[in-house]
Each structure stands twice: as C-alpha cells, then as structure tokens.
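Working notes, beginning with the structure itself.
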Amino acid sequence: MPNCSTKRKLIVLAILFAIPATAQTPMQRYATHDSAASAARKARDWSEYQRHVVVLDSILGGHPNVQIVNARIASHMGDTATAYSKLRVFAAMGLQRNIEADSELVALKSSATWKAINDALASNSRVVGVTTPAFAMPDSDFVAEDIAWDPIAKRWLVTGIRRSVIVAVDRN
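Residue numbers (my numbering): 195 to 366.
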C-alpha cells in the first residue's frame, strides 16, 4: 500500500497526465471483468457475458479457454458460425478437448462442421513421434513456463512461473 507521500505524488501525476487516480492495474481490471463475467453467465445474460469476455481475452491474449467460452456464448446466442470459428481456432492450437461432453455446445452437435471439429481435436491427441526425456525437474511443485538451450554453457534454462525463477540444468 502506498504511503501518503506516494499517494499525493500519484494523484499529482494523474492530474498532470490526465490519468484517473482510480485507474486499474491489469490484474485489477482482470478481476473486475472476471467477476462481472461470472455474474452475467449466472444470470444467463449472454451479451453482457460476451462484453466482459472480450476484455478478458484482450488481457489474456487469446487464451485457449477463452476460445471455448466464446464458442459457448455464441452457441447460446444462436451464432453458430462464430461458435464453430472459435472451436476451429481452439483445435488449430493443437489442443485436445472432449467437446461432446460440453452441455453448453449442444446446439452445435448435429452438423458436419461439428464432426470435422471433433475429428481435428481427436487428431491433436495422436502421437506424432517418439521422444526421449532430456531431464526431469527435481521439484514436483515447479511449474515450467519456457525452456531454452544454452549452447555455450551446454545447459538448459527453464523459467518457473510459480516462483519467478530461472533454473539452469546441465547434462548431469
């Protein structure tokens, strides 16, 4: 929490740069729209739900689950073209999901497009090669985000999202 001096400086800067003192951080903006989206979904107000999901998608940058949510919203609103489009985008991400079990997509199930999307999702789960693990992370609580090979030091660099760390893993 900023102290009084810091608050005064922020207010002065906000006035000088015409930035509202109540401007939200991305996390606050996410929380606000996520809460409002949940309320709209519960009320089955699909257009209001969609309005908030658009903002969430802009914050999350095309997250796969948002594609599914957008497909559900479009399905509820009777916009099958958009619903199928969002499901195709999800499938094109190389992901797999059992959309047959999704009760919010029932209106889409009786078409050739539905079958094609299901086929694409099923093909995403097929094995495409044989791999050999290079190493295993010793910490079972480690959530890897990115991995890169350092050819000079001959080691892997793995970023951990949960603890904001970079771990170096050598060949041993």
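Think of the CB as a built atom: it goes at the ideal place given N, C-alpha and C, for glycine as much as any other residue.
- Cβ atoms of LYS280 and ALA301 stay farther apart than 8 Å, at about 14 Å.
- Contact between the region 249-266 and the region 286-301 is present, with at least three C-beta pairs closer than 8 Å.
- Distances from the CA of PHE329 to each of SER319, TRP343, ASN318 were compared; the closest alpha carbon is that of TRP343.
- Nearest Cα to ILE311 within the set ALA285, HIS270, THR326, GLU339: ALA285.
- At a Cβ-Cβ threshold of 8 Å, HIS246 and ALA234 count as neighbours.
- In the three-state reduction of the DSSP assignment, LEU351 falls in the strand class.
- Around the C-beta of ILE360, fewer than 16 other C-beta atoms lie within 10 Å, and the residue is accordingly described as exposed.
- For VAL361, the enclosing beta strand (DSSP E) stretches over residues 359-364.
- With a cutoff of 8 Å on beta-carbon distance, GLY354 and GLU339 are scored as near each other.
- Here ALA217 carries a coil assignment [DSSP, helix/strand/coil].
- Under DSSP, ASP340 forms a beta bridge with THR353.
- Nearest to ALA231 by alpha-carbon distance, out of GLU242, ASP313, ALA316, SER252, is GLU242.
- Between the alpha carbons of ILE253 and SER229 lies a distance of about 14 Å.
- Assigned with DSSP and collapsed to three states, SER232 falls in helix.
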